[in-house]
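Line by line, the protein sequences give chains A and B.
The opening position of the first sequence corresponds to residue -16 in my numbering, with each subsequent residue numbered one higher.
The opening position of the second sequence corresponds to residue 69 in my numbering, with each subsequent residue numbered one higher.
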Amino acid sequence: TRSQSSISSYFQAP
Amino acid sequence: CSKEGIMLQGMDEFHISLVEFFLSKRSFESYALCHDLCMSLPIDSLATVLKKANDDDVCTLKAGHKAKVLTVAIETRDQPWLVSKHDVPFIDLGSEYLVISRIPYDAKITVWSTRFARLAHELHQLSGSLDIQIIHEGARFTALDEGSGKKGCFIFRRAKVVDEYRDSEDDEPAGAIIHEFHRYFHKATSLRVSTKYLVHASKRAPLSSKVSVLMKEDQPLLVQYDFYEGVLKFYIAPRIAD
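Quick look at the structure:
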């Protein structure tokens, strides 16, 4: 099974 | 806002896709900036204001140092005495602004954006998610309806001719991939993403006749429209194995 990842986990907050 | 132009970033409420839109200063009749400026705006309010302008109207966007509002002045081109002004107040987005680091992608294909839009629409009818595979010979977009067992697949083969551009709007080479494919292919890559977000990204086809799809294993899918005035990028988070 696959789950939807969150886009925020790939990019950093400044 | 920077000396190069205006960069907008936005995220959907479920944090699945991130949109980055760059509009070069050359797309403005005049562009003046004293220092870099970062504003957080409610996109709905900004869109409502901008929709008040007709195609031929002159829109002036202004924000001062330490400003709390963006002022949009809309002027009728042949009646410069007729101006309406609208304030869009800033909002606090906190840490929702993200730094997008540039990564080397494993594969990139460029296809006709109208074809891409059709593909996204058709596959969305079948399933909530689709698999995108890019291999040396081409690219494959597949969706499976688990209920009925129906499978939909769009295949793009690498264009034989380097510049297989269409001569007219109706003359669209079937499944042709434009030559950039060669330059950006490093290794076979596949990703699974939500069709809903792909449909969303594909609706921007009027911006450019071509759209690029860039992939790297376990990284967000990048759907990119390049046009003279700037670039529009959609980053879509993949569905990953548990």
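Every residue, glycine too, gets a C-beta built ideally from N, C-alpha and C.
Beta-carbon within less than 8 Å of residue i's beta-carbon, same chain only, minus the 5 sequence neighbours each way: which residues are those?
i     : result
H83/B : A305
Based on Cα-Cα distance, which residue from the options lies nearest to residue i?
i        : options                        : result
M107/B   : L129/B, V117/B, S95/B          : L129/B
L187/B   : A269/B, M75/B, S85/B, R307/B   : A269/B
D213/B   : I223/B, L114/B, D199/B         : D199/B
E88/B    : S195/B, V261/B, Y265/B, L166/B : L166/B
D124/B   : T182/B, A175/B, E97/B          : E97/B
G206/B   : H192/B, F222/B, A273/B         : F222/B
S276/B   : E297/B, D160/B, I74/B          : E297/B
G196/B   : G220/B, I177/B, R226/B, Y173/B : G220/B
V92/B    : M79/B, S85/B, I74/B, D174/B    : Per the sequence shown, the amino acid found at residue 92/B is Ser instead of Val. Residue I74/B is the option with its Cα nearest to S92/B.
L161/B   : I111/B, D146/B, R145/B         : I111/B
Q(-13)/A : I168/B, P288/B, Y293/B         : P288/B
So, at 6 Å on beta carbons, what are the nonlocal neighbours of residue i in its own chain, with the 5 sequence-adjacent residues on each side left out?
i      : result
V151/B : A141, E143
E285/B : T257
V299/B : F90
L266/B : A188
L86/B  : M79, Y303
Could you compute how far the alpha carbon of residue i sits from the alpha carbon of residue j?
i        : j        : result
F295/B   : Q77/B    : 18 Å
Y(-7)/A  : K218/B   : 33 Å
A100/B   : R170/B   : 28 Å
L259/B   : D155/B   : 42 Å
L290/B   : F158/B   : 29 Å
R(-15)/A : K119/B   : 40 Å
T210/B   : P(-3)/A  : 36 Å
S262/B   : L105/B   : 34 Å
E72/B    : R307/B   : 35 Å
K264/B   : S(-11)/A : 15 Å
T323/B   : L194/B   : Nothing can be reported for residue 323/B: it is not among the residues displayed for chain B, which extend from 69 to 310.
W180/B   : A273/B   : 9 Å
E232/B   : E81/B    : Per-residue confidence for E232/B stands at a pLDDT of 43, beneath the threshold of 50, marking its modelled position as unreliable; no derived number is given.
K255/B   : S95/B    : 37 Å
K271/B   : Y293/B   : 11 Å
H133/B   : L114/B   : 19 Å
Pull up the DSSP beta-bridge partners for residue i, would you.
i      : result
K219/B : L212/B
M75/B  : F90/B
P157/B : V137/B
T128/B : A141/B
Y165/B : In the DSSP output, where bridge partners are listed per residue, Y165/B has none listed.
S195/B : Beta-bridge pairing links S195/B to no other residue.
T178/B : S280/B
K301/B : E88/B, Q292/B
R307/B : Q(-13)/A
Report the neighbours of residue i on chain C: residues whose CB is nearer than 8 Å to its CB, in chain order.
i     : result
H83/B : Among the chains of the structure shown, chain C does not appear; the protein chains present are A and B.
Which same chain residues, not among the five before or five after residue i, have their C-beta less than 7 Å away from its C-beta?
i      : result
C69/B  : L101, D104, L105
R145/B : D124, D125, V126
Using a Cβ-Cβ cut-off of less than 7 Å, list which residues of the stretch 192 to 208 of chain B approach chain A; keep chain order. Residues of the stretch 192 to 208 of chain B whose Cβ lies closer than 7 Å to any Cβ of chain A: none.
Could you please tell me which residues of the stretch 85 to 113 of chain B, in chain order, have their CB closer than 9 Å to any CB of chain A? Contact annotation: in the stretch 85 to 113 of chain B, residues whose CB is within less than 9 Å of a CB in chain A are S85, L86.
Looking at chain A, which residues of the stretch 270 to 288 of chain B have a Cβ within less than 7 Å of any of its Cβ atoms? Per Cβ criterion, the list reads Q287, P288.
Against chain A, which members of the stretch 292 to 306 of chain B pass a CB distance test of less than 8 Å? Within the stretch 292 to 306 of chain B, the qualifying residues are Y303, I304, A305, P306.
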